[in-house]
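Chains as they are written, first to last, in the numbering used here: chain R, 250 to 362; chain B, 18 to 139.
Glycine is no exception: its CB is placed at the ideal position from the N, C-alpha and C atoms.
Data first, discussion second: the structure below is written as structure tokens.
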Amino acid sequence: DIVMTQSPDSLAVSLGERATINCKSSQTVLYGSNYKNYLGWYQQKPGQPPKLLIYWASTRESGVPDRFSGSGSGTDFTLTITSLQAEDVAVYYCHQYYTTPWTFGQGTKVEVK
Amino acid sequence: EVQLVESGGGLVQPGRSLRLSCTASGFTFGDYAMSWLRQAPGKGLEWVGFIRSKAYDGTTDYATSVKGRFTMSRDDSKSIVYLQMNSLKTEDTAVYFCSRDRLGLIGIFDYWGQGTLVTVSS
Numbered sequence: 250d251i252v253m254t255q256s257p258d259s260l261a262v263s264l265g266e267r268a269t270i271n272c273k274s275s276q277t278v279l280y281g282s283n284y285k286n287y288l289g290w291y292q293q294k295p296g297q298p299p300k301l302l303i304y305w306a307s308t309r310e311s312g313v314p315d316r317f318s319g320s321g322s323g324t325d326f327t328l329t330i331t332s333l334q335a336e337d338v339a340v341y342y343c344h345q346y347y348t349t350p351w352t353f354g355q356g357t358k359v360e361v362k
Numbered sequence: 018e019v020q021l022v023e024s025g026g027g028l029v030q031p032g033r034s035l036r037l038s039c040t041a042s043g044f045t046f047g048d049y050a051m052s053w054l055r056q057a058p059g060k061g062l063e064w065v066g067f068i069r070s071k072a073y074d075g076t077t078d079y080a081t082s083v084k085g086r087f088t089m090s091r092d093d094s095k096s097i098v099y100l101q102m103n104s105l106k107t108e109d110t111a112v113y114f115c116s117r118d119r120l121g122l123i124g125i126f127d128y129w130g131q132g133t134l135v136t137v138s139s
């Protein structure tokens, strides 16, 4: 199975500041035939189901604010929130769909400092 | 508006069975692959399994932890996907989410239900 490891486990950021979450996969999730990284990011607020933010490592889902961006390739990825808003308090998960069993990172909790 | 509503959760004894349902609306259900995921209390997300659309023979795949015990099926006439869970273990206790896979791009979960809680305990 591909192991997804996120860092840090939790993060406290002041409103308006940048939040950066890292995700590392135990093997590549870059598919050679189409040069796509099979990596997504989800946001989960308390008591709610997860919400898709980013797929193909950097494609923002429709309706997701542009302060959210994804980057990286191969085994190392980053989710960046450029200017943290109060409504961004949540747990964020990276997810690989390169091969089954699809796996998630352990989650990163983002709070306001 | 896309909606997914899970049902069938509850308290069940170890070794027993339970069937979850996910009723979909707001899209052409038969065109989409569907997935089940779960989240143990206070824990992270775990993919459980998916079922492809009939156009792709409705094939299924499962997480190692549930393979041989859990089975997904679908009734496109009713827009329902099922998760049959047999030989339940205490470690299967979780909120179970149904999700829609992006059209033609399985593994990208673009809509989720609110979840249904399954508690396995004696």
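Next on the checklist: I'd like to confirm the pairing. Which residues does DSSP put opposite phenylalanine 317 (chain R) in its beta bridges?
Outcome noted: Taking the first residue of the first sequence as 1, we reach residue 317 (chain R) at position 68. For phenylalanine 317 (chain R), which the question treats as bridged, DSSP gives the partners R:Ile330.
Next on the checklist: With a threshold of 8 Å on Cβ separation, who are the neighbours of threonine 133 (chain B) within its own chain once the five nearest residues in sequence on each side are excluded?
Outcome noted: Taking the first residue of the second sequence as 1, we reach residue 133 (chain B) at position 116. Excluding residues within five positions, the ones whose Cβ falls inside 8 Å are Glu23, Ser24, Gly25, Gly26, Leu37, Val112, Tyr113.
Checklist entry - For the 8 Å Cβ check, are there 3 or more pairs between the region 251–259 of chain R and the region 313–321 of chain R? => result no
Checklist entry - What are the boundary residues of the beta strand (DSSP E) that includes lysine 71 (chain B)? => result Along the second sequence, read from residue 1 onward, the residue named residue 71 (chain B) stands at position 54. Per DSSP, lysine 71 (chain B) belongs to no beta strand (DSSP E) and is neither H nor E.
Item to check | Cα-Cα separation, serine 311 (chain R) to glutamine 292 (chain R) | outcome: Numbered from 1 along the first sequence, position 62 holds the residue referred to as residue 311 (chain R). Numbered from 1 along the first sequence, position 43 holds the residue referred to as residue 292 (chain R). Using only the alpha carbons, I get a separation of about 14 Å.
Checklist entry - Exposed or buried, alanine 72 (chain B), counting other C-beta atoms within 10 Å across all chains shown (16 or more means buried)? => result Here residue 72 (chain B) is taken as the residue at index 55 of the second sequence, counted from 1. That one is exposed.
Checklist entry - How many Å lie between alanine 268 (chain R) and threonine 107 (chain B) at the Cα? => result Within the first sequence, residue 268 (chain R) is the residue found at index 19, counting from 1. Within the second sequence, residue 107 (chain B) is the residue found at index 90, counting from 1. Using only the alpha carbons, I get a separation of about 37 Å.
Next on the checklist: On the DSSP letters alone, give me the boundaries of the beta strand (DSSP E) that glycine 27 (chain B) sits inside.
Outcome noted: Reading the second sequence from its first residue, position 10 is the one you call residue 27 (chain B). Counting along the chain, the beta strand (DSSP E) containing glycine 27 (chain B) begins and ends at 27–29.
Next on the checklist: Which residues of the region 334–350 of chain R have a Cβ closer than 7 Å to any Cβ of chain B? Give them in chain order.
Outcome noted: Tyr342, Tyr346, Thr349, Pro350
Next on the checklist: Could you check whether serine 322 (chain R) and asparagine 286 (chain R) sit closer than 9 Å to each other, using their CB atoms as the reference points?
Outcome noted: As a working mapping, residue 286 (chain R) is identified with position 37 in the first sequence. As a working mapping, residue 322 (chain R) is identified with position 73 in the first sequence. Contact: yes.
Next on the checklist: I'd like the list of long-range same chain contacts for glycine 66 (chain B), defined as Cβ closer than 8 Å, with 5 residues on each side in sequence excluded.
Outcome noted: Here residue 66 (chain B) refers to the residue found at position 49 when the second sequence is read from its first residue. Result list for glycine 66 (chain B): Ser52, Trp53, Thr77, Asp78, Tyr79, Ala80, Val83, Phe87, Met89, Leu100, in chain order.
Item to check | Minimum Cβ-Cβ distance from proline 298 (chain R) to chain B less than 9 Å | outcome: By 1-based counting over the first sequence, the position of residue 298 (chain R) is 49. Yes, its Cβ sits closer than 9 Å to a Cβ of chain B.
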